[in-house]
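Read the structure below first, then the notes.
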Amino acid sequence: MIQLKDVLKFYKTAHMTKVVLNNVSTVFEPGWSYGLLGVNGAGKSTLLRVISGAELPNAGNVRRSVRISWPLGFGGGFHPMMTGRDNIKFAARIYGEDPNRVGDFVEDFSELGDYLDAPVQTYSCGMAARLAFGLSMAIQFDCYLIDEVTAVGDARFQSRCEEVFTARIKHADLIMASHSMEAIRIYCQRAAVLVDGHLLMFDSVDKAIEIYLRLNR
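Numbered by this note's numbering, the letters in the sequence shown go through residues 29 to 245 in order.
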């Protein structure tokens, strides 16, 4: 279970304070995959980072009783001056996994070749996404956080991504932020709409999509 209790998240600039999550309280129940909808800038990525622990709320708390991934598509967890291989080993040890097994999986899956021994700061966006996706799939989580990215690269590589992703989620839940209604309908059974700092939860994906589309008119 993932529980948010009175979660407040805001960012301050020189001229204003932007409230992204306004005292949000909700529960993501195990056994269900959730779609996360919202207009650009609504705070979907911020919410995923708060759920994962990559960012802390300004107030309130997040309780997690399941093993949660970092947000796929979020490369901020990589140290840019470390090599891809060293980042893999570091992440594997944090999650109590065998670094050699994880390294072998990512090397085979990402197809980065010699670039694994180069600093991540030298990677293109596509290469960093391959590394992040491969590492996420190498470690088994109870809940995967998906931030718009389910496949990267060319058609052949996207097919490999879809194959391994489909295998993983047979035994795991998702919280998926996406503008793709098709993806939300395929992968999720419930959905939420983030609007003006408030999170509206729906047991029906179609109802959530209906509300989201109204907001986008």
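Cβ coordinates follow ideal geometry from the N, Cα and C atoms, glycine included.
Check, Outcome
"ASN61 to GLY69, Cα distance in whole Å?", "Reading off the sequence, residue 61 comes out as Ser, not Asn. SER61 and GLY69: Cα-Cα distance of roughly 23 Å."
"Quick check on the DSSP output: the alpha helix (DSSP H) that includes THR74 runs from which residue to which?", "72-80"
"What is the C-beta distance between LYS117 and PRO108, in whole angstroms, given that I count them as a contact (C-beta under 8 Å)?", "Contact doesn't hold; Cβ gap of about 16 Å is too wide."
"In whole angstroms, what is the alpha-carbon distance linking PHE106 and PRO147?", "10 Å"
"Would PRO58 be called buried (16 or more neighbouring beta carbons within 10 Å of its own) or exposed?", "exposed"
"Give the straight-line distance between the Cα atoms of GLU191 and MET165, rounded to the nearest whole angstrom.", "11 Å"
"Between the C-alpha atoms of TYR248 and VAL48, what's the straight-line distance to the nearest angstrom?", "This structure does not reach residue 248, given that the chain is present from 29 up to 245, and the question cannot be answered."
"How about GLY63 and VAL233: are their beta carbons less than 8 Å apart?", "yes"
"Do ILE239 and ALA205 have their CB atoms nearer than 8 Å?", "no"
"Please name the residue in VAL52, ALA42 and ASP34 whose C-alpha comes closest to that of VAL221.", "VAL52"
"Please return the same chain residues whose Cβ sits closer than 8 Å to the Cβ of THR74, not counting the five positions on each side in sequence.", "LYS37, VAL48, LEU49 and GLU83"
"Taking the alpha carbon of LEU140 as the point to measure from, which residue in HIS207, ARG95, LEU159 and LEU32 has its own alpha carbon closest?", "LEU159"
"Hey, could you find the ends of the beta strand (DSSP E) ASN89 is sitting in?", "87-92"
"For ALA211, does the three-state DSSP call read helix, strand or coil?", "helix"
"Which first and last residues belong to the alpha helix (DSSP H) in which ASN115 is found?", "112-122"
"Just list the residues that DSSP pairs ARG218 with in beta bridges.", "TYR62"
"What do you reckon, are the CB atoms on SER97 and CYS171 nearer than 8 Å?", "yes"
"Using the beta-carbon count (16 or more within 10 Å), is SER20 buried or exposed?", "Nothing can be reported for residue 20, as the shown portion of the chain is limited to 29 through 245."
"Restricting to Cα atoms, I'd like to know which of GLY154, ASP145 and HIS207 is closest to VAL67.", "HIS207"
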